[in-house]
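Notes follow once the structure below has been shown.
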Amino acid sequence: MSLSRTESDDHPGVPDYTAIQDALARCRSYRKDHGLYGIVDPALGRIMLEVGAVGAVVMPAALGKRVRTSLVESPTESRPGPIIAHPRSSRWTFLTGPTDNSYLDTVLFADLFRVCASVALPGSHVVLPSPTDENTGYRSWIAPPEHDFRRDMGEVLAAIRACASG
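If you read the sequence shown in this note's numbering, its first letter stands for residue 3, the second for the next number, and so on.
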């Protein structure tokens, strides 16, 4: 009987070496190819991105589908920007340009609250899809990042308001 944690199956949540290496490789790609400067949490194997230079807006998947369609049909830009799906919670996260002071606007907060959406606060973290997440269906890209393109937060918030009212 070994007391080594590496030889025990008592810790199923601890990612294996290969999963961590895959997450590190994906994280490097996010940094180099997309300007998403995340870090890998070695305890969980998750790729964590701090909100600030990149903003995030979270909403129910049904609303997210309408918002994505609205952004794609925009006359000025047809790319929706990066969108992450969280299938188990039926939520989508839209990555945006830099966070602004939108989260301080109480009217906006009320509008978002009514539709179960929220703006991620500066300093909070968004988990980017890792190979393990995608293989298990836990987290995946609806619209993967294209280089360093992200929609302005204001555009995403305006699309949410338009879709919620219409």
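For glycine and all other residues, C-beta sits at the position ideal for the given N, C-alpha and C.
Val60 is bridged by DSSP to Thr95, Ser120.
Judged by beta-carbon spacing, Leu65 lies beyond the 9 Å limit of Ala160, meaning their Cβ atoms are not closer than that value.
A Cβ-Cβ separation of about 6 Å places Arg28 in contact with Pro133 under the 8 Å criterion. For Asp43, the three-state secondary structure derived from DSSP is strand.
Of the residues Gly125, Ser142, Asn137, Gly156, the one whose Cα lies closest to the Cα of Asp107 is Gly156. When the beta-carbon positions are compared, Met50 and His127 come within less than 9 Å of each other. The beta carbons of Gly40 and Gly99 sit about 17 Å from each other, so the pair does not count as a contact at 8 Å. One Cα belongs to Gly47, the other to Trp143, and the distance between them is close to 17 Å. Selection Ala45, Thr138, Glu79, Arg153 evaluated against Thr95 yields Arg153 as nearest (Cα-Cα). In the three-state reduction of the DSSP assignment, Glu52 falls in the strand class, which pools E and B. Around the CB of Leu114, 16 or more other CB atoms lie within 10 Å, so the residue is classed as buried. Secondary structure remark: continuous alpha helix (DSSP H) runs of at least 4 residues inside the region 100-165, in chain order: 108-116, 133-138.
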